[in-house]
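*Asks:* One structure, as C-alpha cells, below. Some questions next.
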Ligand SMILES: [Fe+2]
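In the numbering used here, the protein residues as written are 5 to 367.
Written out as C-alpha cells, the structure reads:
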C-alpha cells in the first residue's frame with residue numbers, strides 16, 4: 005500500500021519499548037460526495053470509522069467489524085480498495101519510556117445505505133461517537149478549529165485531518181494547535197532563543213497577512229511558528245533548513261516544509277546563507293535544485309521578511325536585526341540586505357501601511 009505520510013513525532017528514545025497497534029480505517033463516500041464519518045461529541049472532531057486489527061483478523065474483516073461497531077454501517081466487501089497508509093509514531097501518553105507505533109491502513113469502500121445499531125465500547129460511548137455524513141473539507145476545517153485535546157489525541161486527530169485534506173485534493177496544513185505542539189516538542193530536544201524568535205516571526209506574519217488581500221493570517225502564523233523547526237535536531241547552520249524541510253515533508257505538510265527551506269534564501273541563492281554549511285554536497289545540491297524549480301509566492305516572501313525583523317526578545321527594525329546578525333557572524337551580504345528592504349516595501353504597498361506600525365516594532 006502506498007504511504008500517504010508518516011506522522012512521526014520523533015519525541016521518544018530509540019531504546020523505548022514499542023507498542024504496535026495496526027489499524028484499518030474506512031473512507032466511505034456516499035452519493036453526493038460526502039463521507040460517512042464518526043463524530044466525537046465530547047472532543048468535537050471527526051475521524052474515519054475504523055480501529056485496531058485483532059491478531060486473528062485480516063484487514064477486510066477488521067475494517068467491516070470496526071465500521072459496523074462504530075457506525076452501524078455494513079460495508080460491501082467487494083468494494084474495498086487500498087487507499088494509503090499512515091504510520092503514526094509518538095511517545096505514549098499513558099506509559100513511561102514507551103512509543104506508540106500505529107500503522108493505519110486506509111481503504112475506500114461503499115456501504116449499504118441503511119445503518120444498523122452501533123455497538124460502542126466504553127471509551128467510544130464516553131466520547132459520544134455518532135455517524136455523520138459530511139464533506140471532507142468541512143470535517144477537516146472543524147477538526148482544525150477544535151482545541152480541547154491532550155497531546156496524544158491531538159496527533160491522532162491531526163492524522164485523520166491530514167487524510168481528510170488529501171481526500172479532498174488539498175495539501176495538508178497543520179492546525180495552529182498542531183504547529184504549537186510541534187514547536188513545543190522541538191524545543192524540548194533543543195531549547196534556545198529560536199523558540200521566541202519563531203513566535204515573534206509568527207505574530208508579525210499573522211498581523212501582516214491580516215492586511216494583505218489573498219493571504220490567510222492563520223496560515224501565515226503557522227508558517228512563522230514552524231519556519232525554524234529544523235532546529236529541533238540540534239544547534240546547526242544550513243542543516244536546520246534541510247532538516248526542517250524533510251521533517252515537515254514527512255509529516256505531509258508540504259507547504260510548511262517549503263517555507264522551512266525558502267525562509268533562508270531571500271535571493272534564491274544558497275551561497276548567501278549566513279552561517280555554517282553543515283550539510284554535504286548532495287544535500288546542498290538538493291536545496292539548489294528545489295530553489296531553481298520554484299517561483300516564490302507571498303508566503304515565502306512574508307516569512308523571509310518576518311524572519312528578518314524577529315529577534316528572540318521582540319520585533320525590531322530590519323536594520324537592527326541585520327546589524328545584530330552582522331555582529332554575530334562578521335558579515336551580511338549587501339544584496340541580501342537590499343532584498344530585505346525590497347520585501348518591506350513590497351508588503352507596505354500591499355498593506356498601504358507602514359510595516360513597523362503594523363508589527364509594533366520597537367523602533
Ligand atoms: Fe532559520
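Quick reminder that beta carbons are idealized off the backbone N, C-alpha and C, glycines included.
Please read these numbers as outputs of a predicted model, since none were measured by experiment.
1. Is there at least one non-hydrogen atom of ligand 1 closer than 7 Å to the beta-carbon of residue 267?
2. Less than 8 Å between the beta carbons of residue 260 and residue 219, yes or no?
3. Would you please state the rounded distance, in angstroms, between the beta carbons of residue 201 and residue 315? I believe it to be under 8 Å.
4. Pull the bridge partners of residue 85 from the DSSP assignment, please.
5. Is the CB-CB distance between residue 270 and residue 194 below 8 Å?
6. Pick out the complete alpha helix (DSSP H) segments inside the stretch 255-295, 4 residues or longer, and give them in chain order.
7. For residue 139, verify whether its CB is less than 7 Å away from any heavy atom of ligand 1.
8. How would you label residue 284, buried or exposed, when you count the other beta carbons within 10 angstroms and need 16 or more for buried?
9. Does the beta-carbon distance from residue 38 to residue 137 come in below 8 Å?
10. Does DSSP put residue 34 in a helix, a strand or coil?
11. Does the distance from the CB of residue 204 to the CB of residue 307 come in under 8 Å?
12. Compare the beta carbon distance of residue 122 and residue 76 with 8 Å and say whether it is the shorter of the two.
13. Which first and last residues belong to the alpha helix (DSSP H) in which residue 42 is found?
14. Looking at ligand 1, does it come within less than 7 Å of residue 232, judged from the CB to the closest heavy atom?
15. Kindly identify the DSSP beta-bridge partner or partners of residue 3.
16. Bridge partners for residue 133 per DSSP, in chain order?
17. Using the rule of at least 16 other Cβ atoms within 10 Å of the residue's Cβ for burial, across every protein chain shown, is residue 227 buried or exposed?
18. Which same chain residues end up closer than 8 Å to residue 11 when comparing Cβ atoms and leaving out the 5 residues on each side of it in sequence?
19. Cα-Cα, which of 25, 303, 243 is closest to residue 206?
20. Which of the three DSSP states, helix, strand or coil, is assigned to residue 215?
21. Under a three-way DSSP split, which group does residue 308 fall into?
22. When burial is assigned at 16 or more other CB atoms within 10 Å of the CB, is residue 234 buried or exposed?
23. Is residue 162 helix, strand or coil by DSSP?
24. Thinking C-beta only, is residue 52 closer than 8 Å to residue 30?
25. Start and end of the alpha helix (DSSP H) containing residue 238?
26. State the DSSP-derived secondary structure class of residue 5, mapped to helix, strand or coil.
27. Under three-state DSSP, which class holds residue 226?
28. Pull up the distance between the alpha-carbon of residue 24 and that of residue 34, whole angstroms please.
29. If you draw a straight line from the C-alpha of residue 199 to the C-alpha of residue 97, how long is it?
30. Whole angstroms are fine: how far does the CA of residue 268 sit from the CA of residue 243?
31. Note down the Cα distance separating residue 288 from residue 336, rounded to an integer number of angstroms.
32. So is the beta-carbon of residue 311 under 7 Å away from any non-hydrogen atom of ligand 1?
33. Check whether the Cβ atoms of residue 264 and residue 236 sit closer than 8 Å, and answer yes or no.
34. Using DSSP's beta-bridge definition, name the partner residues of residue 27.
35. Check residue 314 in the structure and name its three-state DSSP category.
36. Give the single residue among 331, 70, 101, 5 whose Cα lies nearest to the Cα of residue 87.
*Replies:* So, from the data block:
1. yes
2. no
3. 6 Å
4. Paired residues: 112.
5. no
6. The stretch 255-295 contains these whole alpha helix (DSSP H) runs: 258-266.
7. Checking every heavy atom of ligand 1 against the Cβ of residue 139, none is found closer than 7 Å.
8. exposed
9. Yes. Within cutoff.
10. The answer is coil: DSSP assigns residue 34 none of H, G, I, E or B.
11. At the C-beta level, residue 204 and residue 307 stay beyond 8 Å of one another.
12. yes
13. Per DSSP, residue 42 belongs to no alpha helix (DSSP H); it is in the beta strand (DSSP E), 39-44.
14. yes
15. Because the chain is modelled from 5 through 367, residue 3 falls outside the range shown and cannot be assessed.
16. Assignment of beta-bridge partners to residue 133 by DSSP yields 44.
17. buried
18. Counting only Cβ-Cβ distances below 8 Å, and skipping sequence neighbours, we find 90, 91, 92, 93, 94, 159, 162, 163, 166, 255, 256.
19. 303
20. coil
21. helix
22. It is buried - the Cβ of residue 234 has at least 16 other Cβ atoms within 10 Å.
23. Three-state result, residue 162: helix.
24. yes
25. No alpha helix (DSSP H) holds residue 238; DSSP gives it neither H nor E.
26. DSSP places residue 5 in the coil class of the three-state scheme, outside both helix and strand.
27. helix
28. 32 Å
29. When only Cα atoms are considered, residue 199 and residue 97 end up about 24 Å apart.
30. 11 Å
31. Approximately 21 Å, taken between the alpha carbons.
32. yes
33. No; because the gap between Cβ atoms is not below 8 Å, this pair is not in contact.
34. Beta-bridge annotation (DSSP): residue 27 is paired with 56, 108.
35. strand
36. 5
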